[in-house]
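Visitor:
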Amino acid sequence: MGRYTEAHAKPQGVGDARPTALQIIKDEGVENKLTGKVIVITGASSGIGVETARALATTGATLYLTVRDKVKAEENLKDILGNGRTFLIDMDLSSFASVKAAASAILQKSGNKVNILVNNAGILGIQTRTLSEDGHELHFATNHLAHFLLFQLLKTALLASSTPEFSSRVVNLSSSASRASKLLPSDNYNFEKSDYDFNIAYASSKLANVYMASEIERRYGHLGLHATAVHPGGIHTGIGRHVDPKFVEAIYADEKLLKWLKNPEQGAATTVWAAVGKEWEGKGGKYLEDCSESEEGPDDSDMFGTGYVPQTYNEAEEERLWKDSVKMVGLEDDA
Numbered sequence: 001m002g003r004y005t006e007a008h009a010k011p012q013g014v015g016d017a018r019p020t021a022l023q024i025i026k027d028e029g030v031e032n033k034l035t036g037k038v039i040v041i042t043g044a045s046s047g048i049g050v051e052t053a054r055a056l057a058t059t060g061a062t063l064y065l066t067v068r069d070k071v072k073a074e075e076n077l078k079d080i081l082g083n084g085r086t087f088l089i090d091m092d093l094s095s096f097a098s099v100k101a102a103a104s105a106i107l108q109k110s111g112n113k114v115n116i117l118v119n120n121a122g123i124l125g126i127q128t129r130t131l132s133e134d135g136h137e138l139h140f141a142t143n144h145l146a147h148f149l150l151f152q153l154l155k156t157a158l159l160a161s162s163t164p165e166f167s168s169r170v171v172n173l174s175s176s177a178s179r180a181s182k183l184l185p186s187d188n189y190n191f192e193k194s195d196y197d198f199n200i201a202y203a204s205s206k207l208a209n210v211y212m213a214s215e216i217e218r219r220y221g222h223l224g225l226h227a228t229a230v231h232p233g234g235i236h237t238g239i240g241r242h243v244d245p246k247f248v249e250a251i252y253a254d255e256k257l258l259k260w261l262k263n264p265e266q267g268a269a270t271t272v273w274a275a276v277g278k279e280w281e282g283k284g285g286k287y288l289e290d291c292s293e294s295e296e297g298p299d300d301s302d303m304f305g306t307g308y309v310p311q312t313y314n315e316a317e318e319e320r321l322w323k324d325s326v327k328m329v330g331l332e333d334d335a
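If you're matching positions, the sequence shown starts at 1 in UniProt numbering and goes up one per residue.
In structure tokens:
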């Protein structure tokens, strides 16, 4: 039983007793304790990305926040952009060229130092099959491949920045939707051989986030670079802008699901716990939810369910995805 188990046992909806990201910072005692550390967060212009940035800004760390809409980011983050330690970086996750430019800017501005990478950004509910400018299905390209490429470009800095006292960390934002699908076959990531289904596209991309974290841990954990995957909970934010409004209405009409929802401040809590929590110093490779390591749940394909399922951990599939991803982003594998 963890510190926050009881608070999550009987959720009562947004703003209930479940912790916020700022509460995690206070409970971990890291306010103004990470001065000199560098944190990169993707998708920080809205939703839980904003709340993740606000909470982590209180640690004293320097933040590089990648955003697609700088105007929106400047408005939503105006309370921390003036602290002299928070900087916006333009990045469009649907473009490998944009990811490369962003990574180059981060490394140049940070002096090749990165201690924590939070892959927070994502898309959901693209109704028709759409390809990125690099030719990959948009959920897979945005949610997984772009973050995989960003990690690869920042990897040397993450490894070099790790110390025995403060290991480097990668936090991948996944989803309980990862429970609802296995990883798509290597020859069908873009739905070339099956009818397009946006639910499967999203679920498979979110499972890819889990697999990437587990493979990072396997490959680099012994070098002081650790990774976890996080299900933040159900939060109605801008990520759902492509979702059928009737689906959203159905959630708000379901009393059980309504109680399950969190506000963005609560939705950012597990991310922040994974990023700075003492529990995750020197280890990783786990799927986290509700500020705890996920326990085994029913294998029911329920995208709103809790607990990990058989496909959550699969070494062979994790390796397969990694090798496929290296090729798709145009890099050479280092192992």
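By construction, the Cβ of each residue, glycine as well, lies at the ideal position given by its N, Cα and C atoms.
These figures come from a predicted structure and were not determined experimentally.
Are A157 and V114 touching if we call contact CB-CB under 7 Å?
Guide: Against a cut-off of 7 Å, the Cβ pair of V114 and A157 comes out as a contact.
Visitor: Given G238, which residues of its chain have a CB within under 6 Å of its CB, disregarding the five upstream and five downstream residues?
Guide: Confidence is the limiting factor: at G238 the pLDDT is only 48, short of 50, which leaves the residue's position unreliable, though a coordinate-based value still follows. Excluding residues within five positions, the ones whose Cβ falls inside 6 Å are S46 and G47.
Visitor: Report buried or exposed for M1, applying the criterion of at least 16 other Cβ atoms within 10 angstroms of its Cβ.
Guide: With fewer than 16 other Cβ atoms within 10 Å, it is exposed.
Visitor: So A208 packs on F140, CB below 8 Å; how close in whole Å?
Guide: That pair is a contact at about 7 Å.
Visitor: Given a threshold of 16 other Cβ atoms within 10 Å of its Cβ, counted over all protein chains shown, does H231 qualify as buried or as exposed?
Guide: Looking at its Cβ environment, which holds 16 or more other Cβ atoms inside 10 Å, H231 is buried.
Visitor: So, at 6 Å on beta carbons, what are the nonlocal neighbours of Q152 in its own chain, with the 5 sequence-adjacent residues on each side left out?
Guide: Answer for Q152: L331, listed in chain order.
Visitor: So, V171 versus V118, is the Cβ gap smaller than 7 Å?
Guide: Yes, these two residues count as a Cβ contact at 7 Å.
Visitor: Can you list, in chain order, the residues of its chain whose CB lies under 7 Å from that of P11, leaving out five sequence neighbours each side?
Guide: Contacts found: R18, K259 and W260.
Visitor: How many whole angstroms separate the CB atoms of Y64 and I89, which I take to be in contact at a CB cut-off of 8 Å?
Guide: Indeed, because the Cβ distance is near 5 Å, the residues count as touching under 8 Å.
Visitor: When the Cα of T58 is compared with those of N32, E74, G36 and W273, which residue comes out closest?
Guide: T58 has its Cα closest to that of N32, out of N32, E74, G36 and W273.
Visitor: Determine the direct distance from the alpha carbon of Y211 to that of E317, and round the result to whole angstroms.
Guide: Each residue's alpha carbon lies about 8 Å from the other.
Visitor: Does the beta-carbon of D92 have 16 or more other beta-carbons within 10 angstroms, so that it is buried, or is it exposed?
Guide: Buried: at least 16 other Cβ atoms inside 10 Å.
Visitor: Considering just the uninterrupted stretch of the beta strand (DSSP E) at R320, what are its terminal residues?
Guide: Not the beta strand (DSSP E): R320 falls in the alpha helix (DSSP H), residues E315 to M328.
Visitor: Taking S301 as the reference, give the member of P264, K182, G284 and R3 with the closest Cα.
Guide: Of P264, K182, G284 and R3, the residue nearest in Cα terms is K182.
Visitor: Determine the direct distance from the alpha carbon of E289 to that of V50, and round the result to whole angstroms.
Guide: Using only the alpha carbons, I get a separation of about 19 Å.
Visitor: Identify every residue that forms a DSSP beta bridge with Y169.
Guide: Tyr is not the amino acid found at residue 169; the sequence shown has Arg there. Beta-bridge pairing links R169 to I116 and H226.
Visitor: For I116 versus R54, is the C-beta distance shorter than 7 Å?
Guide: Contact: no.
Visitor: Measuring only the C-alpha atoms, how far is A107 from L154?
Guide: In the sequence as displayed, the identity of residue 107 is Leu instead of Ala. Going by the C-alpha atoms only, they are around 8 Å apart.
Visitor: So, using beta-carbon positions, are Y308 and E296 closer together than 7 Å?
Guide: For Y308 and E296, yes; Cβs fall inside 7 Å.
Visitor: Please name the residue in D254, S214, V276 and G282 whose C-alpha comes closest to that of Q23.
Guide: For the residues D254, S214, V276 and G282, the minimum Cα distance to Q23 belongs to V276.
Visitor: Taking the continuous alpha helix (DSSP H) assigned at E296, which residues delimit it?
Guide: No alpha helix (DSSP H) holds E296; DSSP gives it neither H nor E.
Visitor: Alpha carbon to alpha carbon, how far is S176 from L257? Give it in angstroms, no decimals.
Guide: Each residue's alpha carbon lies about 13 Å from the other.
Visitor: Could you please give me the residues that DSSP links to G234 through a beta bridge?
Guide: In DSSP, G234 forms a bridge with L261.
Visitor: Who are Y308's beta bridge partners in DSSP?
Guide: Per DSSP, E296.
Visitor: DSSP three-state label for F191, please.
Guide: Coil at F191, not helix or strand.
Visitor: Look at V40 and T62 and say whether their C-beta atoms are less than 7 Å apart.
Guide: Not a contact, by the Cβ cut-off of 7 Å.
Visitor: Check whether the Cβ atoms of T128 and A268 lie closer than 7 Å to each other.
Guide: No, these two residues do not count as a Cβ contact at 7 Å.
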